[in-house]
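Enquirer: Start counting the sequence shown at -12; every next residue gets the next number (this note's numbering). The following block contains the structure, expressed as structure tokens.
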Amino acid sequence: MIRPLALAIAWRYLRAPTRNRFVSFIGLASVIGLALGVASLIVVIAVMDGFAAELRERLLRFDAQVSVLAEDGLGEWRETAEELAALPGVRRVGPVVELEALLVSRRRYAGVQLLGIAADPAMQAAPYGQSVIAGSFADLHANAGGLALGRYLADTLGVRVGDTVRVLIPRPNGAAPSLRDLPVSAVFVAGNAGPDSSLALAGLPIVSELAGLEGRVSALQVSGSDPYETPAVVEAWAAGSERVGAESLTTRSWMQQHEALFRTVELERLAMGALLFTIIAVAAFNIVA
């Protein structure tokens, strides 16, 4: 049987004479330690990569890959949406209105991010309807309107589908807040604590009316075939001179929005890699010695 030269040499020195059995044992233990260290490094890197992929999937359930914003909102957003939809790799473009609101029910209250979304699923950049566990997203856009609440948010307010929640939108300069009573139409589970505990969804016209935007939208959310490439394409478009209109646009990608979280995950990955590399180095030095 022909063996590689390196393996043959290693096997020759591991099978030392009797007087060097202790040295042989140390060498064998070092080889085993090196093998375990390499195996552990591979497993940890695979687990961290899988965790990052799962985290990305959960975040993108309720976050667009990239949002296009203007300082005072987007007026002619339909024309801008058509330009975005024509970019390579872009699949969906959806208008949204984002507000900070206070929800009140049964002497309970919670501060939330209120997000107004379009009725047509083709104009929703994130698959909101796939996470519903009670009620229906279709009722958000009924004549009276409705609210979709995260599971933990619904528990905090003590409400179920069919209950009524009062929505308060604060106004600047001490003006009276905007008020609207809306029924709970759906409860969803996004899979991460942020949306599940502090996000409420409603129809775009209702939230736009509460915000007093008069037909403008806060942002256009964009999703594409590649969650890493699409933000770069949209950012290049927003900075380009070929864009029609005088509004100064900025972009915010899902990676920028969750930058601190991904930085923490990457730091943990580097720390685990450094620790396992140290184990491998010690085993390698023992073999050399």
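By construction, the Cβ of each residue, glycine as well, lies at the ideal position given by its N, Cα and C atoms. Because the structure is a prediction, the values reported are computed rather than measured.
1) Within the chosen definition, does the stretch 181 to 196 reach the stretch 119 to 136 through at least 3 CB pairs nearer than 8 Å?
2) When the Cβ atoms of the stretch 14 to 31 are set against those of the stretch 193 to 210, are three or more pairs found closer than 8 Å?
3) Tell me the rounded alpha-carbon separation between Val310 and Thr238.
4) For Leu28, I'd like the list of residues in its chain whose CB is within less than 8 Å of its CB, leaving aside the five on either flank, ordered along the chain.
5) Hey, how far is the Cα of Thr151 from the Cα of Ala113?
6) Give me the DSSP bridge partner(s) of Ser54.
7) Quick one: grab the DSSP three-state call for Leu188.
8) Would the beta-carbon of Ala187 fall within 9 Å of that of Leu134?
9) Going by DSSP in three states, Gly145 sits in which element: helix, strand or coil?
10) Can you find a heavy atom of the ligand NAP that lies under 8 Å from the Cβ of Gly116?
11) Ala106 to Ala39, Cα distance in whole Å?
12) Could you name the residues of the same chain whose beta carbon sits closer than 6 Å to that of Val221, not counting the 5 residues immediately before and after it, in chain order?
13) What's the call for Leu(-8), buried or exposed, on a 16-neighbour Cβ count within 10 Å?
14) Contact defined as beta carbons within less than 8 Å: I believe Val148 pairs with Gly122. What is the distance between those atoms, to the nearest angstrom?
15) How about Arg250 and Ile32: are their beta carbons less than 9 Å apart?
16) Could you check what DSSP says for Pro159 in three-state terms: helix, strand or coil?
17) What's the gap between the Cα of Gly60 and the Cα of Leu200?
18) What first and last residue would you give for the beta strand (DSSP E) that runs through Glu63?
19) Taking the continuous alpha helix (DSSP H) assigned at Ala97, which residues delimit it?
20) Roughly how many angstroms lie between the CA atoms of Arg78 and Gly211, to the nearest whole one?
21) Compare the Cα-Cα distances from Ser235 to each of Asp50, Arg48, Thr67, Glu41 and report the closest residue.
22) Using 8 Å for Cβ pairs, my map puts Leu101 next to Val154. What's the rounded Cβ distance?
23) How long is the line joining the alpha carbons of Arg48 and Ala162, rounded to whole angstroms?
24) With 16 other CB atoms within 10 Å as the buried threshold, where does Pro157 fall?
25) Near Gly178, which residues of its chain fall below 7 Å by C-beta distance, leaving aside the five closest residues on each side in sequence?
26) In angstroms, rounded to a whole number, what distance separates the CA positions of Pro170 and Arg65?
27) May I ask you to report which of helix, strand or coil DSSP gives Leu71?
28) Going by the beta-carbon positions, is the gap between Ala198 and Gly103 smaller than 9 Å?
29) So is Phe124 buried or exposed if we call it buried at 16+ other beta carbons inside 10 Å?
30) What residue range is occupied by the uninterrupted alpha helix (DSSP H) comprising Pro218?
Expert: Put simply:
1) Touching, yes.
2) Counting C-beta pairs closer than 8 Å gives fewer than three between the stretch 14 to 31 and the stretch 193 to 210, which falls short of the contact rule.
3) Residue 310 is absent from the structure shown; the chain starts at -12 and stops at 276.
4) Answer for Leu28: Gly260, Leu263, Phe264, Ile267, listed in chain order.
5) One Cα belongs to Thr151, the other to Ala113, and the distance between them is close to 26 Å.
6) In the DSSP assignment, Ser54 forms a beta bridge with Gln208, Arg239.
7) In the three-state reduction of the DSSP assignment, Leu188 falls in the strand class.
8) Yes, the pair counts as a contact, with Cβ atoms nearer than the cut-off.
9) In the structure shown, Gly145 sits in coil (DSSP, three-state: anything other than H, G, I, E or B).
10) The ligand NAP is not among the ligands present in this structure, which contains no ligands whatsoever.
11) Spanning the two alpha carbons is a distance of roughly 31 Å.
12) Result list for Val221: Val53, Val209, Thr238, in chain order.
13) By the 10 Å Cβ count, Leu(-8) comes out exposed.
14) Val148 to Gly122, Cβ: 4 Å. Contact.
15) Contact flag unset, no.
16) Note: Pro159 maps to helix in three-state DSSP.
17) Taking the straight line from one Cα to the other gives about 8 Å.
18) Element bounds for Glu63: n/a, residue is neither H nor E.
19) Per DSSP, Ala97 belongs to no alpha helix (DSSP H); it is in the beta strand (DSSP E), 95 to 104.
20) If you take the alpha carbons of Arg78 and Gly211, they lie about 5 Å apart.
21) By alpha-carbon distance to Ser235, the top candidate from Asp50, Arg48, Thr67, Glu41 is Thr67.
22) The pair is a contact, with the Cβ atoms about 7 Å apart (cut-off 8 Å).
23) About 36 Å.
24) Under this definition Pro157 is an exposed residue.
25) If we look at Gly178 and ignore the five residues flanking it on each side, its Cβ neighbours are Arg45, Arg48.
26) Rounded to the nearest whole angstrom, the CA to CA distance from Pro170 to Arg65 is 29 Å.
27) Three-state result, Leu71: helix.
28) Ala198 places its beta carbon less than 9 Å from that of Gly103.
29) The residue in question, Phe124, is buried, as its Cβ has 16 or more Cβ neighbours within 10 Å.
30) Secondary structure note for Pro218: its alpha helix (DSSP H) is the uninterrupted segment 216 to 226.
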